[in-house]
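Participant: These protein sequence lines are chains A and B, in that order.
The working numbering applies: residue 1 is where the first sequence begins, and numbers increase by one.
The working numbering applies: residue 315 is where the second sequence begins, and numbers increase by one.
Note that CB positions come from ideal geometry on N, CA and C, so glycine has one too.
As the structure is a computational prediction, the values presented were derived from the model and not from experiment.
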Amino acid sequence: MLSRTADSLFWLSRYVERAENTARIIDAAHRLAALPSSYGATGNEWESALAATGCLELFTEVYGEEATAESAVDFLAFSPANPSSIKNCLEIARFNARAVRTALTAEMWETINTAWLELKGYGLGELDLGRLSDFLRFVKRTSLAFDGSAYRTMLRNDAYWFSRLGVYIERADATARLLDVKYHVLLPPEAAVGGSLDYFQWSAILRAVSAQTSYHWVYRQSLKPWLVADLMILNPQMPRSLASCYENLTRYLDQIAQIYGRQGAAQRAARTAFTNLESTDIDTVIAGGLHEFLSTFVEENIRLTSLITDQYLL
Amino acid sequence: MTTTAFDEMTGFGGECRQGYEIVETWLRDTPVELLRQRRHEAELLFRRIGITFAVYGDAEGEERLIPFDIVPRIITNLEWERLAAGLRQRVTALNMFLKDVYSKGEIVKAGIVPEDLIYRNPCYRPEMQGITLPHDIWVSIAGIDIVRVDADTFYVLEDNARTPSGVSYMLENREVMLRLFPELCARHRIAPVENYADDLLATLKSMAPRTAAADPTVGLLTPGPFNSAYYEHSFLADKLGAELVEGSDLYVRENIVYMRTTEGPKRVDVIYRRLDDDFIDPLAFRPDSVLGVPGLMAAYRAGNVTLANAVGTGVADDKAVYSYMPEIIRFYTGKDAILSNVPTHRCREPDALKYVLDHLPELVVKEVDGSGGYGMLVGPKADKAKIETFRAKLKAHPEKFIAQPTLALSTCPTFVDEGVAPRHVDLRPYVLTGADGVRIVPGGLTRVALESGSLVVNSSQGGGTKDTWIVDVARTFAQQSQQQQQQQSAPRA
Numbered sequence: 001m002l003s004r005t006a007d008s009l010f011w012l013s014r015y016v017e018r019a020e021n022t023a024r025i026i027d028a029a030h031r032l033a034a035l036p037s038s039y040g041a042t043g044n045e046w047e048s049a050l051a052a053t054g055c056l057e058l059f060t061e062v063y064g065e066e067a068t069a070e071s072a073v074d075f076l077a078f079s080p081a082n083p084s085s086i087k088n089c090l091e092i093a094r095f096n097a098r099a100v101r102t103a104l105t106a107e108m109w110e111t112i113n114t115a116w117l118e119l120k121g122y123g124l125g126e127l128d129l130g131r132l133s134d135f136l137r138f139v140k141r142t143s144l145a146f147d148g149s150a151y152r153t154m155l156r157n158d159a160y161w162f163s164r165l166g167v168y169i170e171r172a173d174a175t176a177r178l179l180d181v182k183y184h185v186l187l188p189p190e191a192a193v194g195g196s197l198d199y200f201q202w203s204a205i206l207r208a209v210s211a212q213t214s215y216h217w218v219y220r221q222s223l224k225p226w227l228v229a230d231l232m233i234l235n236p237q238m239p240r241s242l243a244s245c246y247e248n249l250t251r252y253l254d255q256i257a258q259i260y261g262r263q264g265a266a267q268r269a270a271r272t273a274f275t276n277l278e279s280t281d282i283d284t285v286i287a288g289g290l291h292e293f294l295s296t297f298v299e300e301n302i303r304l305t306s307l308i309t310d311q312y313l314l
Numbered sequence: 315m316t317t318t319a320f321d322e323m324t325g326f327g328g329e330c331r332q333g334y335e336i337v338e339t340w341l342r343d344t345p346v347e348l349l350r351q352r353r354h355e356a357e358l359l360f361r362r363i364g365i366t367f368a369v370y371g372d373a374e375g376e377e378r379l380i381p382f383d384i385v386p387r388i389i390t391n392l393e394w395e396r397l398a399a400g401l402r403q404r405v406t407a408l409n410m411f412l413k414d415v416y417s418k419g420e421i422v423k424a425g426i427v428p429e430d431l432i433y434r435n436p437c438y439r440p441e442m443q444g445i446t447l448p449h450d451i452w453v454s455i456a457g458i459d460i461v462r463v464d465a466d467t468f469y470v471l472e473d474n475a476r477t478p479s480g481v482s483y484m485l486e487n488r489e490v491m492l493r494l495f496p497e498l499c500a501r502h503r504i505a506p507v508e509n510y511a512d513d514l515l516a517t518l519k520s521m522a523p524r525t526a527a528a529d530p531t532v533g534l535l536t537p538g539p540f541n542s543a544y545y546e547h548s549f550l551a552d553k554l555g556a557e558l559v560e561g562s563d564l565y566v567r568e569n570i571v572y573m574r575t576t577e578g579p580k581r582v583d584v585i586y587r588r589l590d591d592d593f594i595d596p597l598a599f600r601p602d603s604v605l606g607v608p609g610l611m612a613a614y615r616a617g618n619v620t621l622a623n624a625v626g627t628g629v630a631d632d633k634a635v636y637s638y639m640p641e642i643i644r645f646y647t648g649k650d651a652i653l654s655n656v657p658t659h660r661c662r663e664p665d666a667l668k669y670v671l672d673h674l675p676e677l678v679v680k681e682v683d684g685s686g687g688y689g690m691l692v693g694p695k696a697d698k699a700k701i702e703t704f705r706a707k708l709k710a711h712p713e714k715f716i717a718q719p720t721l722a723l724s725t726c727p728t729f730v731d732e733g734v735a736p737r738h739v740d741l742r743p744y745v746l747t748g749a750d751g752v753r754i755v756p757g758g759l760t761r762v763a764l765e766s767g768s769l770v771v772n773s774s775q776g777g778g779t780k781d782t783w784i785v786d787v788a789r790t791f792a793q794q795s796q797q798q799q800q801q802q803s804a805p806r807a
């Protein structure tokens, strides 16, 4: 297929995935910010929501003041000044979809095009919580419908695999950043200062990735921060864990290598990262420094993106 | 003028014409509310599928929907047979004309078309002079604009031999009609159009260069998502199973064209290009073009890639050359044109110019190289100031204009806000010419001027579209004998 087509498919699914992740983070931050401070609301939840989506710096540049619920939601959801705002994500996704319409199935195109049309109905203005949660639901629904239509209607060829690569690269990035912002509440018992006050922070992380029920099924015990970290980093059963993302990246890159008849640097890098995740445990990760582990991971993930780009997308 | 127009359903205010009987009853018996509901559904359908076009110079409505009218336009198979024969003849002559113009120029030597009209035409490409194209086909895809003024008279209004657009609407309009009105469709015997993409692919592949692989690779070259017809480009590429390429996806090495793929370079043999001559190769034409492919012309001249349509075809669909089409057809085919031209005044000729200047309020004046309904004067609809502007333009550069009588274009029942009312229509059938012959899908794109009395059907000027049905009707006895007579009589001298 055309390199440009592969590139657009990759970014199309990345932006849809990013829109959903941001919607989840806004949702979680909202719940936390609404808690009385004695329940563990640590300072400014909106600042950490901005940090988790990687746009705190830009926010500060644009607003020059501490985030409020209004300014943060506006920036994360609607602002044209934020290239990763949900609105921008969906617009860029639709632009990419339009550029590669021939590589999409009718269902995928209709999902993204309908969302783009519907998007015009939402916008700035007063922060109305009812409207906001409608909007966030709409974003999640779009992403689910897009993913579902890809899964159910696309040919299993390189077009499908490149679009999956976009999903998992983006998802791995989002999970790692989310954990990194909250790493101080994910430390083992002897290091914890806040004790049970952090409970709602942990539960917010799980909520942000839709994993509250999964946690209980996997560990069958009350929330423990290091187990939250284990679930999100190392558990391959958890669809948003780093291990699961890399298991998928490895698989789809292998499938591409197989039909093209050639392994490359991207395949080797993904496999190495996945093996590392498989062969460690959460105690080792925490002992080595959770924050260091996560920031190295984010950098490696970016490096994999440029390897994929060099190998296929130019 | 509107009152005297021929109506496709009722003629000049008379009885229902052949082919329209069922539709007439249907329009009479269907409640307006239901029609409105269906029209709304059609719009939703189009919007969801994303059938839009961009209007240049309109930042607000970056993408718009072409209004779709739910009342079909019907042409009987008997009428169509004659149209198709005329189209075939005309496009064959266009191809012979282009071959001649870019080789010996016999038509100029014979004094039929003035030399400067061709060789000083801005669309004439000296780069193509003396080049032999595989199979001598210059125009593989032609869109011929046709208007009707009475039961028997069809005029060709314009030939489009560069990159005619609109065929996706012909295909999508049919899909929408079949979805919205399955019963109405089923009660007619409508010639299908859905094989257009197959025909197009076969046409394109038939023209592959000799050096190409047995199964040639076809690409559709688009200027990109910002182009007004981008929807159509992606739609067609999809139906063709061809890659939709932009200039940056292609490169030329040793006079071979390749596309950049995830598996490395892949040779391209036939390019259906929807990019104007000026932009296809910055080395040969406009150096500032970022849409084209450097070296494409060299590969083309070396015979390693086929471009459809060929470079330089604009010299044949120019409106000034158009006025010579009856002579051109006679010169190459030895027969009279089956389809007439609109009688045209060539303002380059002093007598004609004088007449035109004296009769501006009743004429339509067009720029010879204009398109899309821009740069045009519709005398009866224009105010004094506009007429005077054109008078000045005409005096300054008469050779840049032609003028035609204001035609009473036929009308067709159309569902508008006030109900079903007659609106003026035209027709653009698409004619495909490959190494293996001419293919014409029965039908075409019917464009309709939605405003009452308006004669401008262009989508950029508020026109809409209709599905066009070529409907099988039985031949009456009179028609049978008339046809036999036509077959027996020799062509007029």
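9 Å is my cut-off, CB to CB: does Arg488(B) come that close to chain A?
Facilitator: no
Participant: Under 6 Å Cβ to Cβ from Tyr334(B), same chain only, skipping five residues before and after it: list those, please.
Facilitator: Excluding sequence neighbours, Tyr334(B) sits near Met323 and Ile388.
Participant: Excluding the 5 residues flanking Ala666(B) on each side, which residues of the same chain have their C-beta closer than 7 Å to its C-beta?
Facilitator: His659 and Arg660
Participant: For His751(B), is the classification buried or exposed, using 16 other Cβ atoms within 10 angstroms of its Cβ as the cut-off for buried?
Facilitator: First, the residue type needs correcting, since residue 751(B) is Gly and not His in the sequence shown. That one is exposed.
Participant: Please report how far the alpha carbon of Pro601(B) lies from the alpha carbon of Val785(B), in whole angstroms.
Facilitator: 49 Å
Participant: Would the beta-carbon of Ser210(A) fall within 9 Å of that of Arg240(A)?
Facilitator: The Cβ atoms of Ser210(A) and Arg240(A) lie closer than 9 Å to each other.
Participant: Check whether the Cβ of Ile256(A) lies closer than 9 Å to any Cβ atom in chain B.
Facilitator: yes
Participant: Can you tell me which residues form a DSSP beta bridge with Phe729(B)?
Facilitator: Val734(B)
Participant: So, with DSSP's three-state summary, where would you put Leu759(B)?
Facilitator: strand
Participant: Hey, would you say Arg98(A) sits closer than 9 Å to Tyr586(B), going by beta carbons?
Facilitator: In this structure, Arg98(A) sits away from Tyr586(B), with a CB-CB distance that is not shorter than 9 Å.
Participant: What residue ranges within the stretch 232-260 of chain A form continuous alpha helix (DSSP H) runs of no fewer than 4 residues, ordered along the chain?
Facilitator: 242-260
Participant: In or out: Glu374(B) buried (at least 16 other Cβ within 10 Å) or exposed?
Facilitator: Any reading at Glu374(B) needs caution, since the residue's pLDDT is 40, under 50, leaving its predicted position unreliable; the model's value is listed next. So Glu374(B) ends up on the exposed side.
Participant: With distances taken Cα to Cα, identify the nearest neighbour of Val762(B) among Arg342(B), Asn655(B), Leu412(B) and Val730(B).
Facilitator: Val730(B)
Participant: Might you give, ordered along the chain, the residues of its own chain that have their beta carbon closer than 7 Å to the beta carbon of Phe135(A), omitting 5 neighbours on each side?
Facilitator: Ala77 and Tyr122
Participant: What is the DSSP secondary structure of Ala29(A), reduced to helix, strand or coil?
Facilitator: Helix.
Participant: Taking 9 Å as the CB-CB limit, is Thr280(A) close to chain B?
Facilitator: no
Participant: Given that Glu557(B) touches chain A, what residues does it touch there, using C-beta distances under 7 Å?
Facilitator: For Glu557(B), the chain A residues whose C-beta falls within less than 7 Å of its own C-beta are Leu2, listed in chain order.
Participant: Kindly indicate the opening and closing residues of the alpha helix (DSSP H) around Tyr614(B).
Facilitator: Leu610 to Arg615
Participant: What does the alpha-carbon distance come out to for the pair Thr779(B) and Leu723(B)?
Facilitator: 15 Å
Participant: In chain order, what are the residue ranges of uninterrupted beta strand (DSSP E) at least 3 long that sit wholly in the stretch 466-527 of chain B?
Facilitator: 468-474
Participant: Against chain A, does Ala399(B) count as a neighbour if the rule is that its beta carbon must be under 9 Å from one of theirs?
Facilitator: no
Participant: Excluding the five sequence neighbours on either side, which residues of its own chain have a C-beta within less than 6 Å of the C-beta of Leu307(A), listed in chain order?
Facilitator: Ala265, Ala266 and Ala269
Participant: Would Leu564(B) pass as a contact of Gly533(B) if the rule is Cβ separation under 9 Å?
Facilitator: yes
Participant: When the Cα of Leu558(B) is compared with those of Arg567(B), Val566(B) and Ser548(B), which residue comes out closest?
Facilitator: Ser548(B)
Participant: Quick one: what does DSSP say Thr627(B) is sitting in, helix, strand or coil?
Facilitator: coil
Participant: Taking just the CA atoms, how far does Phe138(A) sit from Ala23(A)?
Facilitator: 9 Å
Participant: Gln718(B) bridges to which residues according to DSSP?
Facilitator: Val678(B)
Participant: Looking at C-alpha atoms only, which residue of Leu769(B), Ala522(B) and Pro657(B) is the closest neighbour of Asn623(B)?
Facilitator: Ala522(B)
Participant: Measuring CA to CA, which of Gly693(B), Glu357(B), Val745(B) and Tyr510(B) is closest to Glu676(B)?
Facilitator: Gly693(B)
Participant: Mind listing the chain A neighbours of Ala528(B)? Cutoff is C-beta to C-beta under 7 Å, in chain order.
Facilitator: Within 7 Å Cβ-Cβ: nothing; Ala528(B) doesn't reach chain A, min ~22 Å.
Participant: Measure the beta-carbon distance from Ile286(A) to Leu234(A) and round it to whole angstroms, keeping in mind my assumption that it falls under 8 Å.
Facilitator: Not really, about 11 Å apart at Cβ, beyond 8 Å.
Participant: Closest to Trp11(A) by C-alpha separation, out of Tyr215(A), Met238(A), Arg141(A) and Glu91(A), would be which residue?
Facilitator: Glu91(A)
Participant: Could you work out which residue in Val670(B), Asp683(B) and Lys695(B) is closest to Ala706(B) when comparing CA atoms only?
Facilitator: Val670(B)
Participant: Reducing DSSP to helix, strand and coil, say where Trp394(B) ends up.
Facilitator: Under the three-state reduction of DSSP output, Trp394(B) falls in the helix class.
Participant: Would you say Thr309(A) lies against chain B (beta-carbon separation less than 9 Å)?
Facilitator: no
Participant: Output yes if chain A places a C-beta closer than 9 Å to the C-beta of Thr573(B); else output no.
Facilitator: The displayed chain sequence assigns Met, not Thr, to residue 573(B). Closer than 9 Å: yes.
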